[in-house]
Amino acid sequence: MKYLIVLCVFLLLLPFVIAGEKQVVKSGTYKPGEVFTIEETLRIEVADLNNQNAVTLNIGEERVKVNEGDCIERNAYEICLTAVSQSDQKHPRFDIFLYNYIIDVYRAISRITVEQQPERTKVSKGDKMKVIVTLQNHGEKKATDITWSQTLVGFSAYDTKDGCFFSGNKVGWSGTLFPDRTVSCSYYIQATSPGKHELLGILQWTDEEVKTIETKLKLTVAEYELVLTPRLEKPSLVLGETTDLILNYKNILEKDTIDNIVTTISFQPGITITPAEPTFQKPHGLRWNDFLRLLEEKEVKIHIKGDSYGYYTIPIEVQYEAKDKNQGFTEQIVIEVKPPTLSFSAQPSEIQSGEEITLKITAANPNEDNIENAKITLESDLWEIPFTWEKASIERGESLLVTEEKMTVPYTDSNTTKTLKVKGMFLYQGQLVNVQEEIPLTILPKKDIMIEEVPVEEAPILEENVTNTTTLQSQEEAKEEYQNSKMKQIIIGVAAILIIIAGFIVLQWWQKHQQEQKIIKGKEHHDHPELMNTEERKRQTREDIANEVKKLMKK
């Protein structure tokens, strides 16, 4: 009976479940640094950040953070961080365990995407180019009333083909797309204003409801024929660490060479600047000469080392000759030099309420040089006396055990976070560095155990022996008993209703049967011989009396 009721409920809810189900495109478990693709169209990299309750994803040129349980929409896909768990694999540099990120990717029933392919992303003022627009319906339903409109900034449109349109400072497309269909068109633009421009567009379509997506196209209009793009491999350094400054040069002229390209980078206190090529070195900075043929691209590497804490702006001055004119510009890039750190971690980072555990605290040196004379104090609500730890030297990349504390985790009925406070100092390259860090420790309630008091029978209480009797009952057993009792109540209720209905039917039948019996018995009684003789005698008596009366009247 129980299984029959469950089956009926499931069959009733099945259409609603199927109607609301999202199509899973990809599902997997990934660690920091791993890469996965979605249908060979979208590449996603899990950033090398070991976060406990969120993941950072590099999607194309975009870097986005997704919290546990949340989702983001990119390229008409819904990317969700379903859960985070701790793995048994350690970080390659630090003595901490990596987290596993369970990521699920969904797509809607119908979805439209817009892709734009410009001939170049960096152009000079006055240059003309073609942009190909591709719209695709990736879903299983027809999408109607599709409209895509993009505003031009820094550019002006002068022609379109294959269905694209332009009006004023806008380009766009409109129409209908059937499932798994693609349409392409083109528009032609001319660069009008120097700068880095982001062309924004709005895509809308109808699939039972109006859906809207924002589109972007990033283009750069250079004021000069020479485009310089500086970038740092690491935007921030720890004291003593070195990174590379990469200078990308590009000649965007299609017919001319750029000659006498002179680049100058001045030295400044706080950072050390050295060239990858020793010929670049000058007394007060770096200086070199080069040239670029038509549409040629070239890279130059410069080494940057952090000597003191702070932010530093590196000016890059460029002079060149193009189209028989001497021109020049200056680019700037900012780099941060951070103080050295001594990182701490606790294992396990999640503990169960009421259990006896051994808590391990470790320290790691992630810096480029050794740490000397470290003196650290650990304070926490989990123990009464602060713990002090000293170490004469910690080598670069070394990880050490600070302490192992055996303890009984305090009871809690909900998730609780305790903080281990780390305070102290150490010497790094002769400089005194303060340490102030907090290590979060999560205490989880013991969900599979429930404490209940058992009634104690009255008995003489001994002075030397007083006992309290308690019992531990599994929550799973209690839950199962509760469900069974609820199911029994449901079955009893249904049975009672059926019995009442059956009783009512039987009562109606019995009353009808009794009435029929009365009618039958009454008829039989009327036709009985004795009853007929009695009636005959009464009639005869009445006739005799009438005759006697007549005789008396005649006399």
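So for the sequence shown, the working numbering puts the first residue at 5; every next one is plus one.
Backbone N, C-alpha and C define an ideal beta-carbon position, used for all residues, glycine too.
Reference residue i; option with closest CA among the options
i	options	result
I380	S418, N57, Y110, F430	F430
V437	C168, I501, N371, E383	N371
T125	E281, E441, K134	K134
K165	A506, Q27, S188	S188
V50	G73, V28, E43, I83	I83
G158	H201, E245, A326, E303	H201
L257	L139, V242, N104, E229	E229
E325	N255, R291, T60, V68	N255
K305	G289, R235, N369	R235
K215	Y253, I150, G205	I150
V242	G310, S270, L296	G310
Y315	Q493, S240, E402	S240
W387	Q440, T407, G73	T407
E394	L404, R400, I76	L404
A58	K554, Q336, I76	I76
E441	Q519, L156, S349	S349
Residue i versus residue j - alpha carbon distance
i	j	result
K425	S347	12 Å
L298	W177	35 Å
G274	K427	27 Å
K490	G497	11 Å
D163	L221	18 Å
E456	P449	With a pLDDT of 45 at E456, under the threshold of 50, the modelled position of that residue is not reliable, and the figure given next carries that caveat. Rounded to whole angstroms, E456 to P449 spans 16 Å at the Cα level.
V137	N173	17 Å
G358	A367	27 Å
A396	L290	40 Å
Q544	W513	45 Å
Q90	V68	22 Å
T276	D294	24 Å
R546	K516	41 Å
N71	L53	13 Å
Q336	L204	27 Å
First through last residue of the beta strand (DSSP E) which encompasses residue i
i	result
K35	Where K35 is concerned, there is no enclosing beta strand (DSSP E), given that its DSSP letter is neither H nor E.
I350	Here the sequence assigns Ala to residue 350, which means Ile is not the residue at that position. Where A350 is concerned, the enclosing beta strand (DSSP E) stretches over 347-351.
G199	199-210
D373	Run containing D373: none; DSSP gives neither H nor E here.
T267	262-270
Q93	81-94
R185	No beta strand (DSSP E) contains R185, which DSSP labels as neither H nor E.
T276	275-279
R111	101-111
N293	289-296
W387	Note, W387: premise wrong, no beta strand (DSSP E); not H, not E.
V413	Careful: V413 lies outside any beta strand (DSSP E) and carries neither H nor E.
Q356	354-356
F582	What the structure shows of the chain is the stretch from 5 to 559, and residue 582 is not part of that stretch, so it cannot be assessed.
Same chain, Cβ closer than 7 Å to residue i, neighbours up to 5 away in sequence not counted
i	result
T420	I447
P198	K129, V225, A226, E227
I549	none
T412	E360
Y415	S357, G358
Contacts around residue i, its chain only, beta-carbon distance under 6 Å, and the 5 residues preceding and following it disregarded
i	result
R78	I63
K30	I42, V109
Contacting residues, own chain, Cβ-Cβ under 8 Å from residue i (five flanking each side not counted)
i	result
E462	Residue placement at E462 is poorly supported in this model, since its pLDDT is 48, which falls under 50; the coordinates are not used for a value here.
S190	K134, V135, I136, V137, T164, K165, D166, C168
N259	In the sequence under discussion, the amino acid at residue 259 is Lys, which differs from the Asn named in the question. L298.
E301	N252, Y253, K254, N255
### Query
Is there contact here, the region 179-196 with the region 131-147, by at least three beta-carbon pairs under 8 Å?
In this structure the region 179-196 lies against the region 131-147, because at least three pairs of beta carbons, one per stretch, are closer than 8 Å.
### Query
Taking three-plus beta-carbon pairs below 8 Å as touching, is the region 275-287 in contact with the region 210-217?
With a cut-off of 8 Å, the region 210-217 and the region 275-287 do not count as touching, because too few Cβ pairs lie within range.
#### Entry: the region 256-275 contacting the region 308-326, beta-carbon criterion three pairs below 8 Å
In short, these stretches touch, since the Cβ pair count reaches three.
#### Entry: At least three beta-carbon pairs within less than 8 Å, the region 323-332 to the region 352-367
Contact between the region 323-332 and the region 352-367 is absent: fewer than three C-beta pairs spanning the two stretches fall below 8 Å.
### Query
Using 8 Å as the threshold, is the region 106-120 in touch with the region 137-152, meaning 3 or more CB pairs across them?
Output reads yes: the region 137-152 touches the region 106-120.
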